[in-house]
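Have a look at the structure below, then the notes.
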Amino acid sequence: MQNRRLVAKFGGTSLADAGQFAKVREIVLADAARKYVVVSAPGKRFSGDIKVTDMLIALSQSGSEAEFDRQLADIRARYEEIAATLSLKTPLAEVFETIRSDVKRGAGYDYIVSRGEYINGLLMAEYLGYEFADASELIFFGNNGKLDCDKTYAAVADRVADGKNYVFPGFYGVLPNGRIKAFSRGGSDITGSIIARGASVDLYENWTDVPGVLMVDPRMIAEAKVIKQLTYRELRELSYMGANVLHDEAVFPVKEPGIPINVRNTNDITAPGTMILPAASEDSPYTITGIAGKKGFCAYFVEKNLMNNDVGYVRRVLSFFEDNGISIEHIPTGIDNMSVVVEDSKLNGLSHEDVSRGLQAAVSTDSVEVVDHIALIAIVGRNMAKRHGTAATIMTELGRAGVNIIMLDQGVNEMSIIVGVAEEHYEKAIRVIYDVFVG
Ligand code: ASP
38 MQNRRLVAKF GGTSLADAGQ FAKVREIVLA DAARKYVVVS APGKRFSGDI KVTDMLIALS
98 QSGSEAEFDR QLADIRARYE EIAATLSLKT PLAEVFETIR SDVKRGAGYD YIVSRGEYIN
158 GLLMAEYLGY EFADASELIF FGNNGKLDCD KTYAAVADRV ADGKNYVFPG FYGVLPNGRI
218 KAFSRGGSDI TGSIIARGAS VDLYENWTDV PGVLMVDPRM IAEAKVIKQL TYRELRELSY
278 MGANVLHDEA VFPVKEPGIP INVRNTNDIT APGTMILPAA SEDSPYTITG IAGKKGFCAY
338 FVEKNLMNND VGYVRRVLSF FEDNGISIEH IPTGIDNMSV VVEDSKLNGL SHEDVSRGLQ
398 AAVSTDSVEV VDHIALIAIV GRNMAKRHGT AATIMTELGR AGVNIIMLDQ GVNEMSIIVG
458 VAEEHYEKAI RVIYDVFVG
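For the sequence shown, this note's numbering assigns the number 38 to the initial residue and increments by one for each residue that follows.
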């Protein structure tokens with residue numbers, strides 16, 4: 038049998054300074070299976086500090102050459118401090134000179150923001166005595182900006198076939214024209230997942246600064262419990278709805294081969310964290326696995342006499358949104374009416390007026406009503422299908438607390454219930470739901 042191998046991805050706070058680097062080395066060297074390390078850029082060292090990625094974003098917007106040089110020097114100082122404390126020899130002066138000249142020659146935004154991970158990768162590779170493997174040689178995007186999965190997984194498999202240990206910088210890959218392309222923020226989680234898939238490892242460890250995936254945002258409920266086991270599906274629902282432990286796209290590469298993800302805490306290495314699996318292997322005592330939510334939604338309530346007999350009407354309504362490039366969250370339907378729930382930030386600059394008028398013109402509605410300032414809450418749990426009365430409990434308890442439910446949506450797989458409430462009731466609703474199911 039082949040030896041156990043795993044990917045260990047470390048987030049920004051786990052790599053914020055030399056002290057954190059030392060913890061990471063201790064973790065990596067404690068298990069010979071940790072052959073592949075994926076790094077983020079240095080994050081915040083203390084509250085109020087600035088993440089290197091944010092410094093790089095500011096750098097990409099600098100107005101003058103003098104400002105650019107000053108900002109670049111501040112970024113370099115972050116790495117110099119790590120390198121000096123750990124006696125690393127990576128030639129940072131040369132690395133920064135290359136960045137400077139690449140930017141002068143027109144390297145764009147994505148190149149600049151990706152350097153945070155790139156330099157951290159160089160330092161970490163030296164510190165661990167691992168090989169450095171640049172993501173620009175392994176992670177390929179197509180001209181459409183989408184990951185070229187086949188090419189990428191094959192390149193990763195090929196690179197690790199020599200049996201060596203590697204450090205990979207997270208957050209970026211390369212376009213067919215050779216230019217760097219970055220993932221969206223938090224994208225090093227996706228890199229970790231891609232490397233895990235390409236290298237066909239047994240486990241993807243994602244080391245962060247929290248004890249695991251929590252049942253609810255701890256900023257709202259301080260005593261939020263850690264979820265021991267989570268299925269890929271549950272994770273997807275929770276992270277899509279705002280639970281921000283892993284990037285919401287990080288699950289896709291590992292999902293098909295069924296590689297488990299273990300979310301762990303760099304600052305508490307004895308804690309088991311959360312296991313994310315194709316299917317749970319343990320029973321959870323709770324009906325729900327987690328709660329997540331977001332503010333900033335609106336709904337268009339469309340009425341049309343005899344809508345239910347008008348074949349294709351719903352499609353035509355949805356086409357209006359599609360034609361305007363507006364992505365839809367939910368479409369609860371009634372008799373002769375339907376609601377289209379949309380995130381405000383995805384309206385592509387259209388006002389409610391524009392949408393209402395546009396719908397009227399496109400599908401000759403009887404009326405369109407706009408409900409604004411909606412918060413959506415997802416109550417997610419694989420156990421909900423096995424137990425009766427979950428939706429009833431939610432409705433009863435919210436009603437008792439004086440929270441009006443604007444919308445309720447549950448798929449037939451009964452894995453999640455989405456509740457829409459007024460934004461002003463958001464925090465209260467989450468508290469009520471947590472208390473009744475978790476206590
Ligand atoms: N450094 C990037 C960010 O701050 C990517 C990452 O850490 O995953 O978003």
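Using N, Cα and C, we set each Cβ at its ideal position, and we do this for glycine too.
Apart from the five residues just before and just after residue i, which ones in its own chain have a Cβ nearer than 7 angstroms to its Cβ?
| i | result |
| --- | --- |
| Arg62 | Tyr164 and Leu165 |
| Lys292 | Tyr269 |
| Leu160 | Tyr116, Ile119, Ala120, Leu125 and Thr127 |
| Val407 | Cys335, Tyr337, His389 and Ser393 |
| Ala438 | Lys465 and Val469 |
| Lys332 | Ala412, Glu460 and Tyr463 |
| Ile149 | Leu93, Leu96, Ser97 and Val140 |
Could you check where the alpha helix (DSSP H) with residue i kicks off and where it finishes?
| i | result |
| --- | --- |
| Gly210 | Looking at the DSSP string, Gly210 is not in any alpha helix (DSSP H); the run it does join, the beta strand (DSSP E), is Tyr209 to Val211. |
| Glu293 | No alpha helix (DSSP H) contains Glu293, which DSSP labels as neither H nor E. |
| His389 | His389 to Val400 |
| Ile94 | Val89 to Ser97 |
| Asn157 | Tyr146 to Leu165 |
| Glu104 | Glu102 to Thr122 |
| Thr189 | Cys186 to Val197 |
Between which two residues does the beta strand (DSSP E) harbouring residue i extend?
| i | result |
| --- | --- |
| Glu366 | Ile365 to His367 |
| Arg352 | Here Arg352 belongs to no beta strand (DSSP E); instead the alpha helix (DSSP H) covers Tyr350 to Asp360. |
| Ser505 | Residue 505 lies beyond the stretch modelled for the chain, which goes from 38 to 476, so this question has no answer here. |
| Val44 | Leu43 to Phe47 |
| Leu66 | From DSSP, Leu66 is part of no beta strand (DSSP E) but of the alpha helix (DSSP H) over Ala55 to Leu66. |
| Tyr203 | Tyr203 to Pro206 |
| Ser230 | Segment Ser225 to Gly235 is the alpha helix (DSSP H) holding Ser230; no beta strand (DSSP E) there. |
| Leu343 | Element bounds for Leu343: n/a, residue is neither H nor E. |
| Thr268 | Gln266 to Thr268 |
| Ser51 | Here Ser51 belongs to no beta strand (DSSP E), and DSSP marks it neither H nor E. |
| Leu314 | Thr311 to Leu314 |
| Ser376 | Asn374 to Glu380 |
Around the Cβ of residue i, are there at least 16 other Cβ atoms within 10 angstroms (buried) or fewer (exposed)?
| i | result |
| --- | --- |
| Pro255 | exposed |
| Thr122 | exposed |
| Glu174 | exposed |
| Ser230 | buried |
| His462 | buried |
| Arg424 | exposed |
| Ile411 | buried |
| Val449 | exposed |
| Glu104 | exposed |
| Pro248 | buried |
| Arg142 | exposed |
| Ala316 | exposed |
| Asp226 | buried |
| Arg107 | exposed |
| Thr433 | exposed |
| Phe47 | buried |
With DSSP as the reference, label residue i as helix, strand or coil.
| i | result |
| --- | --- |
| Val75 | strand |
| Thr127 | coil |
| Asn441 | coil |
| Thr324 | coil |
| Val477 | In the structure displayed, the chain extends from 38 to 476; residue 477 sits before or after that span and is not available. |
| Asn420 | helix |
| Lys218 | strand |
| Leu240 | strand |
| Arg82 | coil |
| Ala259 | coil |
| Val140 | helix |
| Thr430 | helix |
| Gly330 | strand |
| Leu272 | helix |
| His462 | helix |
| Leu251 | strand |
| Ala485 | This structure cannot settle anything about residue 485, because the visible part of the chain is limited to 38 through 476. |
| Leu175 | coil |
| Thr245 | strand |
Take residue i and list the residues in its own chain whose beta-carbon comes closer than 6 angstroms to its own, dropping the five residues that flank it on each side.
| i | result |
| --- | --- |
| Arg353 | Val400 |
| Gly223 | His284 |
| Ile136 | Arg152 |
| Gln57 | Ser51 |
| Arg41 | Ala70 and Asp239 |
| Ile313 | Leu267, Leu272 and Ile298 |
| Val417 | Glu271, Glu274, Leu275, Thr326, Gly327 and Ser453 |
| Leu212 | Phe178 and Lys218 |
| Gly80 | Gly49, Thr50, Ala53 and Lys88 |
| Met92 | Ile112 |
| Tyr277 | Asp285 |
| Tyr209 | Ser151, Ala172, Ile217 and Ala219 |
| Asp409 | Cys335 |
Apart from the five residues on each side of it in sequence, which residues of its chain come closer than 8 angstroms, Cβ to Cβ, to residue i?
| i | result |
| --- | --- |
| Glu168 | Ala162, Lys201, Asn202, Tyr203 and Val204 |
| Val305 | The identity of residue 305 in the sequence shown is Asp, whereas the question assumes Val. Contacts found: Pro248. |
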